[in-house]
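These notes are about the structure you will find just below.
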Amino acid sequence: RSCHMRITIDRTACSGHARCAAAAPELFRLDDDGYALPLDTEVPAELEQAAHDGETACPERAVTLR
Ligand code: F3S
Numbered sequence: 048r049s050c051h052m053r054i055t056i057d058r059t060a061c062s063g064h065a066r067c068a069a070a071a072p073e074l075f076r077l078d079d080d081g082y083a084l085p086l087d088t089e090v091p092a093e094l095e096q097a098a099h100d101g102e103t104a105c106p107e108r109a110v111t112l113r
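Under UniProt numbering, the first residue of the sequence shown carries the number 48, and numbering increases by one thereafter.
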């Protein structure tokens with residue numbers, strides 16, 4: 048049985064590029080200042096590709112998957 052994927056946002060690295068939310072709006076939310084909000088939910092299997100897209104999209108490498 049595969050382990051579930053979780054998304055971690057490094058809020059100190061995030062500088063509000065919003066590319067994560069553009070790449071995967073199903074997963075990434077931005078706060079009122081445009082910074083990615085921390086997520087503490089498991090990524091459903093059907094959204095794993097979207098999670099990878101969001102990770103790749105962030106130029107600050109603030110998005111990590113584990
Ligand atoms: Fe922040 Fe990167 Fe998204 S800088 S808003 S986590 S694209």
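Glycine included, each C-beta is placed from N, C-alpha and C at the ideal position. The structure presented is a predicted model; accordingly, all values stated were derived computationally and were not measured.
Check the Cα spacing between H64 and each of R113, G101, L112: the tightest is with G101.
One thing to note: E89 has its Cβ within 7 Å of the Cβ of H51. Note that the C-beta distance between E93 and S62 is not below 7 Å. Take the alpha-carbon of T55 and the one of L86: they are about 7 Å apart. Distance between L74 and A83, taken at the CA atoms: about 10 Å. The beta carbon of G81 sits closer than 7 Å to the beta carbons of G63, A65 from its chain, once the five residues preceding and following it are set aside; these are given in chain order.
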